[in-house]
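Q:
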Amino acid sequence: MAASWLKLVALAVLVVSAVARNIPRAGACTSLNRRKSWNALTRAEKTEYIRAERCLMNHAPVAGNVADARNLWDELHHLHIGQGQYVHYVGHFLPWHRYLVRAHEVLLQTLCNYNGAQPYWDELTDYEAGPIGRSSVFDAQFGFGGNGVGRNRCINNGPFRGHTLHIRAGEANADYCISRRFNQTAWAWASRQNIDECFAERKYTDAWWCYNLYPHSAGHVAVGGVVSRDSETLALAGTLLVSITGSGHSLTGV
Ligand SMILES: *[C@@H]1O[C@H](CO)[C@@H](O)[C@H](O)[C@H]1NC(C)=O
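Take the sequence shown: its letters are residues -20 to -1, 1 to 234, numbered as in mature numbering (1 follows the signal peptide of the UniProt record, and there is no 0).
1) Under three-state DSSP, which class holds Gly204?
2) Is Phe122 closer than 8 Å to Arg14 when the C-beta atoms are compared?
3) Cβ of Val67 within 7 Å of any heavy atom in ligand 1?
4) With DSSP as the reference, identify every bridge partner of Gly128, one or two as the case may be.
5) For Leu52, which residues of its own chain have a beta-carbon under 8 Å away from its beta-carbon, when the five flanking residues on both sides are left out?
6) Quick check: does the Cβ of Thr10 come within less than 7 Å of any heavy atom belonging to ligand 1?
7) Taking only the alpha-carbon atoms, compute the straight-line gap between Asn163 and Arg182 and give it to the nearest angstrom.
8) Can you give, in chain order, each stretch of the alpha helix (DSSP H) that sits fully within the stretch 29 to 71 and has at least 4 residues?
9) With DSSP as the reference, identify every bridge partner of Tyr156, one or two as the case may be.
10) Quick one: is the Cβ of Ala198 within less than 7 Å of any heavy atom of ligand 1?
11) Ala170 lies in the alpha helix (DSSP H); which residues open and close that run?
12) Kindly indicate the opening and closing residues of the alpha helix (DSSP H) around Cys190.
13) Quick one: what's got a C-beta closer than 6 Å to Asp210's C-beta in the same chain, skipping five residues either side?
14) So if DSSP puts Tyr100 in a beta bridge, which residue, or which two residues, is it bridged to?
15) For ligand 1, is there a heavy atom less than 7 Å away from the beta-carbon of Thr165?
16) Does the beta-carbon distance from Tyr94 to Ala152 come in below 8 Å?
17) Quick check: does the Cβ of Val203 come within less than 7 Å of any heavy atom belonging to ligand 1?
18) For Asp106, name the three-state secondary structure that DSSP assigns.
19) From Phe179, His200, Ala168 and Glu28, pick the residue whose C-alpha is nearest to that of Ala109; which is it?
20) Use the C-beta contact count for Pro75: other C-beta atoms within 10 angstroms, 16 or more gives buried, fewer gives exposed.
21) Tell me the rounded alpha-carbon separation between Arg78 and Asp176.
22) Quick check: what's the CA-CA separation for Ala49 versus Arg148?
23) In angstroms, rounded to a whole number, what distance separates the CA positions of Arg172 and Leu104?
24) Going by DSSP in three states, Glu25 sits in which element: helix, strand or coil?
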């Protein structure tokens, strides 16, 4: 246990110093890191983001001390799993995830030469536009691929088809696929009525819980598969939508 905490601390320090290096000194800011909805990106910007994400997913481990991690993605995944039970259902749910998304963004920019900012998934717009499967984030060419298929519900199209995850929550690490099982019923949690209710909350404690309950849960349960199974919920960071999911944690955290 102590050893695994040390590993987490080591990785956190590493990520923090990467972030710190990238933060301009006061007065030295020359351009904004402007985050946009996936829907608002050009095809070239989407392609560039996917390139950088694939680079990060396949990048050699950086911390080098997470058992079973074959790449940097596994290390980030481990970070989310390891701290998972302390950073969900508590008041720092939002700032912790906001920070993780920022760290991930800096890693894309510093290790994979990504010049854009972290995009986010505009759940509300996509919810109001039609079934979840039509969301641009699930496009097979300019997105993260679509629904899972077959018994294991592995995704079988898109740029992350065939990607193997290695870190699991609550059970022995093992190789497994990115799986999804769209659920339109749960997608309704992303509705405008629910978001308005969250925005109308007067207290922070009520607001973060509302975000957690509605738009955040919609992102997990409506996508299904690896991001919604109990044992894997904390494995969220291992799925592709993370980056973006990190922003599914978006409306809230970022
Ligand atoms: C979809 O999600 C709802 C809400 O969690 C759940 O009650 C229902 O069983 C799910 N449907 C399927 C087919 O899994």
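Beta carbons: idealized from backbone N, C-alpha and C, even for Gly. Note that the coordinates shown come from a computational prediction; the quantities given were computed from them, not determined experimentally.
A: Taking the structure as given:
1) Indexing the sequence shown from 1 puts residue 204 at position 224. Correct three-state label for Gly204: coil.
2) Locating residue 14 in the sequence shown gives position 34, where the first residue counts as 1. Locating residue 122 in the sequence shown gives position 142, where the first residue counts as 1. For Arg14 and Phe122, no; Cβs fall outside 8 Å.
3) What you label residue 67 is simply residue 87 of the sequence shown in a count that begins at 1. No.
4) Within the sequence shown, numbered from 1, the residue matching residue 128 stands at position 148. Paired residues: Ile135.
5) Taking the sequence shown and counting its residues from 1, the one referred to as residue 52 is at position 72. Cβ within range, chain order: Leu36, Met37, His39, Ala40, Pro41, Val42, Leu87 and Leu91.
6) Within the sequence shown, the letter at position 30 stands for residue 10. No, the Cβ of Thr10 stays beyond 7 Å of every heavy atom of ligand 1.
7) Translated into the one-based positions of the sequence shown, residue 163 becomes position 183. Translated into the one-based positions of the sequence shown, residue 182 becomes position 202. The straight-line gap from Cα to Cα measures roughly 31 Å.
8) 52 to 67
9) Taking the first residue of the sequence shown as position 1, residue 156 is located at position 176. Per DSSP, Leu145.
10) Here residue 198 refers to the residue found at position 218 when the sequence shown is read from its first residue. It does not: the Cβ of Ala198 is nowhere closer than 7 Å to a heavy atom of ligand 1.
11) In the sequence shown, counting from the first residue as 1, residue 170 sits at position 190. Note, Ala170: premise wrong, no alpha helix (DSSP H); not H, not E.
12) Against the sequence shown, residue 190 aligns to sequence position 210. Run containing Cys190: Tyr184 to Tyr191, per the alpha helix (DSSP H) assignment.
13) Your numbering for residue 210 matches position 230 in the sequence shown. Bear in mind that the predicted position of Asp210 carries a pLDDT of just 49, short of 50, making it unreliable; the figure below should be weighed with that in mind. Cβ within range, chain order: n/a, list empty.
14) Residue mapping note: residue 100 aligns to position 120 of the sequence shown, counting from 1. Answer by DSSP bridge pairing, in chain order: Ser17.
15) Residue numbering aside, residue 165 sits at position 185 when the sequence shown is read from its first letter. Flag set: Cβ of Thr165 near ligand 1.
16) On the sequence shown, residue 94 is found 114 positions in, with the first residue counted as 1. On the sequence shown, residue 152 is found 172 positions in, with the first residue counted as 1. No.
17) Indexing the sequence shown from 1 puts residue 203 at position 223. False, no ligand heavy atom lies under 7 Å from that Cβ.
18) Here the question's residue 106 lines up with position 126 in the sequence shown. It is helical.
19) Residue 109 sits at position 129 when you count from the first residue of the sequence shown. Of the candidates Phe179, His200, Ala168 and Glu28, the one whose C-alpha sits nearest the C-alpha of Ala109 is Ala168.
20) Working through the sequence shown from its first residue, we reach residue 75 at position 95. Under this definition Pro75 is an exposed residue.
21) For the purposes of this step, residue 78 is taken as residue 98 along the sequence shown, with counting starting at 1. For the purposes of this step, residue 176 is taken as residue 196 along the sequence shown, with counting starting at 1. In this structure, the alpha-carbon of Arg78 lies about 21 Å from that of Asp176.
22) Here residue 49 refers to the residue found at position 69 when the sequence shown is read from its first residue. Here residue 148 refers to the residue found at position 168 when the sequence shown is read from its first residue. One C-alpha to the other measures close to 11 Å.
23) The residue you call residue 172 lines up with position 192 of the sequence shown. The residue you call residue 104 lines up with position 124 of the sequence shown. Cα-Cα distance, rounded: 7 Å.
24) Here residue 25 is taken as the residue at index 45 of the sequence shown, counted from 1. Judged by DSSP in its simplified three-state form, Glu25 adopts helix.
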